[in-house]
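K.L.:
For what it's worth, this note's numbering labels the leading residue of the sequence shown as 236, then goes sequentially.
This is the structure, below, for whatever I ask next.
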Amino acid sequence: MLDQLSDELHRAAADRNPLRLLDTLPRLYAAARSADEPALSAVLARLGDLFERVPVRIGARLGVLCGALAELGGDPEPVAAPLVAELADCLELAGTFAAHWRTATGEAPPEPVADDHDWTEAAADRLAAAPLTREAAVELADAWSMAHLRSLPVLSILQLSPRLRHALPGRERLIAALGTVLDERPDLEFLAGLLRVLDDERLIVLHRPTGRGYEVVIGGIGDNAQLHTLLADVLIGPEAEGLLEGVRPDPAWVRAATDGPADPAAPTVRGSFALLDGRGGRIWDEGRPADIPRVAGVRVLVLDRPAYERSWRAGRIYPLMRPDVRLRRILPAGEAAGWLARVARETRVPA
């Protein structure tokens with residue numbers, strides 16, 4: 236069935252039949268919901284060359300379908316390059332829209348309404364004062380309205396595939412295009428954060444009160460609140476085994492931070508430590524692990540006694556992304572002391 240529907244999509248694209256394309260896309264998704272991983276991957280492998288053969292708005296829906304098939308278990312790598320290229324194209328046009336809008340209206344760009352022909356036409360009308368043809372104005376307004384929808388499949392595949400996070404085709408162009416609109420498009424901030432996620436990243440963790448140190452490897456962590464929860468789960472344990480004395484996080488917090496749903500009945504997460512960087516700055520729970528600066532080429536995290544209780548809701552900001560926090564080794568006492576001496580002159584608990 237999936238092969239037949241995929242053939243139908245290709246025939247509709249060859250015939251330039253948008254109505255048949257729109258009819259086939261939801262039918263293919265419905266059939267895919269009961270398909271196995273090899274079948275899903277085979278369909279995704281055939282969809283990559285369709286983007287350049289379908290209209291822009293249908294291409295956005297095709298992208299959403301690709302993201303949905305990846306979420307069902309298909310391998311997203313064959314469609315990564317066209318999905319990123321389509322999104323970068325859209326964001327570059329959206330950035331041009333924002334610049335022309337200011338010129339034409341003297342106002343900040345408007346709140347977009349996705350996939351709304353009337354909104355696009357009205358926005359294009361307001362660009363009349365800019366030196367644009369009507370066709371160009373519609374194209375720019377369309378890109379501004381579709382940017383979020385175009386971002387959704389890229390959000391999906393980046394969460395699902397550490398390989399793509401490590402080697403995403405067109406990453407630099409995408410980051411540059413995103414930078415032209417991000418200040419005015421808060422709906423794209425999750426994508427910006429996802430492009431900064433670390434994988435297979437070495438972290439030196441130093442516990443100032445005990446002088447102990449650990450080498451930890453992290454990956455797939457969305458923010459520092461999630462990192463805080465999972466570090467506490469990994470490092471708190473029997474002192475006789477070189478771990479840190481304390482109360483381990485509630486298992487419901489850990490599940491919500493890894494691969495389970497947030498339990499509304501679970502108590503609010505309570506922080507176990509004050510988190511500092513090797514230069515003395517505070518590591519805020521709302522920040523990202525990529526914000527942790529390096530010392531001697533390695534990201535260093537200093538754990539201290541909390542000056543006050545910090546709490547946050549259990550969960551993770553990227554629900555499809557599976558985190559990894561592994562204790563690689565407990566540092567020998569001399570090595571830990573050396574790291575602490577390196578950072579002790581600058582690091583302090585903020586008031």
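C-beta: ideal position from N, C-alpha, C; glycine also.
Note that the structure is a prediction, hence the values are computed from the model and not measured.
Spatial neighbours of L478 within its chain, please: CB distance less than 7 angstroms, with the 5 preceding and 5 following residues excluded, ordered by chain position.
P.N.:
Locating residue 478 in the sequence shown gives position 243, where the first residue counts as 1. Excluding residues within five positions, the ones whose Cβ falls inside 7 angstroms are L470, I471, G472.
K.L.:
Per DSSP, what kind of secondary structure is Y449 in: helix, strand or coil?
P.N.:
Locating residue 449 in the sequence shown gives position 214, counting from the first residue. Correct three-state label for Y449: strand.
K.L.:
Just tell me which of P484, T445, V452 has its CA closest to the CA of A475.
P.N.:
Counting from 1 along the sequence shown, the entry for residue 475 is found at position 240. Among P484, T445, V452, the Cα nearest to that of A475 is on T445.
K.L.:
Looking at the structure shown, is R514 part of a helix, part of a strand, or coil, going by DSSP?
P.N.:
Mapped onto the sequence shown, residue 514 falls at position 279. Looking at R514 - three-state DSSP - the assignment turns out to be coil, as it is neither helix nor strand.
K.L.:
By Cβ distance below 6 angstroms, which residues in the same chain neighbour A491 in space, the five residues on each side in sequence not counted?
P.N.:
Within the sequence shown, the letter at position 256 stands for residue 491. Cβ neighbours of A491 beyond the five flanking positions: A497, A549, G550.
K.L.:
So, using beta-carbon positions, are L275 and G298 closer together than 9 angstroms?
P.N.:
Counted from its first residue, the sequence shown places residue 275 at position 40. Counted from its first residue, the sequence shown places residue 298 at position 63. No, the pair does not count as a contact, with Cβ atoms beyond the cut-off.
K.L.:
Just tell me which of L237, A358, L285, E287 has its CA closest to the CA of E272.
P.N.:
Looking up residue 272 in the sequence shown gives position 37. E272 has its Cα closest to that of L237, out of L237, A358, L285, E287.
K.L.:
When the distance is taken between beta carbons, is L399 closer than 9 angstroms to L223?
P.N.:
Limits of the chain in this structure are 236 at one end and 586 at the other, which puts residue 223 out of reach.
K.L.:
Which residue wins for smallest C-alpha separation from V278, given the options S241, G294, E450?
P.N.:
Taking the first residue of the sequence shown as position 1, residue 278 is located at position 43. The shortest C-alpha separation from V278 is found at S241.
K.L.:
For a test of the three-state rule: what should DSSP assign to E346, helix, strand or coil?
P.N.:
Indexing the sequence shown from 1 puts residue 346 at position 111. The answer is coil: DSSP assigns E346 none of H, G, I, E or B.
K.L.:
Report the rounded CA-to-CA distance for D434 versus P524, giving the unit in angstroms.
P.N.:
Indexing the sequence shown from 1 puts residue 434 at position 199. Indexing the sequence shown from 1 puts residue 524 at position 289. Going by the C-alpha atoms only, they are around 10 angstroms apart.
K.L.:
Using the Cα positions of T582 and L441, report the straight-line distance between them to the nearest angstrom.
P.N.:
As a first step, residue 582 is located in the sequence shown; it is residue number 347 there, counting from the start. As a first step, residue 441 is located in the sequence shown; it is residue number 206 there, counting from the start. Low confidence applies here, because T582 scores a pLDDT of 48, under 50, leaving its location unreliable; read the following figure in that light. Each residue's alpha carbon lies about 11 angstroms from the other.
K.L.:
Going along the chain, which residues of its own chain have a beta-carbon closer than 6 angstroms to the beta-carbon of R408, five neighbours each way excluded?
P.N.:
Counting from 1 along the sequence shown, the entry for residue 408 is found at position 173. Within the same chain, R408 has close Cβ partners A323.
K.L.:
Can you give the Cα-Cα distance for L575 and I453, rounded to whole angstroms?
P.N.:
The residue labelled residue 575 in the question sits at position 340 within the sequence shown. The residue labelled residue 453 in the question sits at position 218 within the sequence shown. Their Cα atoms are separated by approximately 21 angstroms.
K.L.:
With a 10 Å radius around its C-beta and 16 neighbouring C-beta atoms as the bar for buried, classify P311 as buried or exposed.
P.N.:
The sequence position of residue 311 within the sequence shown is 76, counting from 1. Classification of P311: buried, given that the 10 Å Cβ count is 16 or more.
K.L.:
Ends of the alpha helix (DSSP H) at V489?
P.N.:
On the sequence shown, residue 489 is found 254 positions in, with the first residue counted as 1. V489 -> alpha helix (DSSP H) spans 486 to 493.
K.L.:
May I ask you to report which of helix, strand or coil DSSP gives V416?
P.N.:
Your numbering for residue 416 matches position 181 in the sequence shown. Correct three-state label for V416: coil.
K.L.:
Please determine, among R517, P404, L430, the residue with the shortest C-alpha to C-alpha distance to A315.
P.N.:
Residue mapping note: residue 315 aligns to position 80 of the sequence shown, counting from 1. It is P404 whose Cα lies nearest to the Cα of A315.
K.L.:
Specify the secondary structure class of E570 as computed by DSSP and reduced to three states.
P.N.:
Your numbering for residue 570 matches position 335 in the sequence shown. Three-state DSSP puts E570 in a helix.
K.L.:
If you follow the beta strand (DSSP E) that E436 is part of, which residue opens it and which one closes it?
P.N.:
Residue mapping note: residue 436 aligns to position 201 of the sequence shown, counting from 1. 436 to 442 is the span of the beta strand (DSSP E), which, as asked, contains E436.
K.L.:
Across which residues does DSSP place A509 in a beta bridge pair?
P.N.:
Locating residue 509 in the sequence shown gives position 274, counting from the first residue. Answer is D539, bridged to A509.
K.L.:
Looking at C-alpha atoms only, which residue of I552, A500, L362 is the closest neighbour of L429?
P.N.:
What you label residue 429 is simply residue 194 of the sequence shown in a count that begins at 1. When each option's Cα is compared against that of L429, the closest is I552.
K.L.:
Label H335 either buried or exposed according to how many other C-beta atoms from any shown protein chain fall within 10 Å of its C-beta, with 16 as the threshold for buried.
P.N.:
Here residue 335 is taken as the residue at index 100 of the sequence shown, counted from 1. Buried.
K.L.:
Classify D559 as helix, strand or coil using the three-state DSSP reduction.
P.N.:
If you number the sequence shown from 1, residue 559 lands on position 324. Reduced to three states, the DSSP call for D559 is strand.
K.L.:
Of the choices L244, A303, D360, L304, whose alpha-carbon is the least far from that of D284?
P.N.:
On the sequence shown, position 49 is the one that residue 284 refers to. Residue L244 is the option with its Cα nearest to D284.
K.L.:
Can you tell me the Cα-Cα spacing of D458 and R246, whole angstroms?
P.N.:
As a working mapping, residue 458 is identified with position 223 in the sequence shown. As a working mapping, residue 246 is identified with position 11 in the sequence shown. Rounded to whole angstroms, D458 to R246 spans 44 angstroms at the Cα level.
K.L.:
Between which two residues does the alpha helix (DSSP H) containing S391 stretch?
P.N.:
By 1-based counting over the sequence shown, the position of residue 391 is 156. 369 to 395 is the extent of the alpha helix (DSSP H) around S391.
K.L.:
Which one of L555, L318, P290, V451 has the shortest CA to CA distance from D350?
P.N.:
The residue you call residue 350 lines up with position 115 of the sequence shown. Here the closest residue by C-alpha is P290.
K.L.:
For P253 and I293, I'd like the C-alpha separation in whole angstroms.
P.N.:
Taking the first residue of the sequence shown as 1, we reach residue 253 at position 18. Taking the first residue of the sequence shown as 1, we reach residue 293 at position 58. Spanning the two alpha carbons is a distance of roughly 7 angstroms.
K.L.:
Curious, which full-length alpha helix (DSSP H) runs of at least 4 residues does the region 282 to 321 contain?
P.N.:
Those alpha helix (DSSP H) runs which fall completely within the region 282 to 321 and span 4+ residues are 291 to 307.
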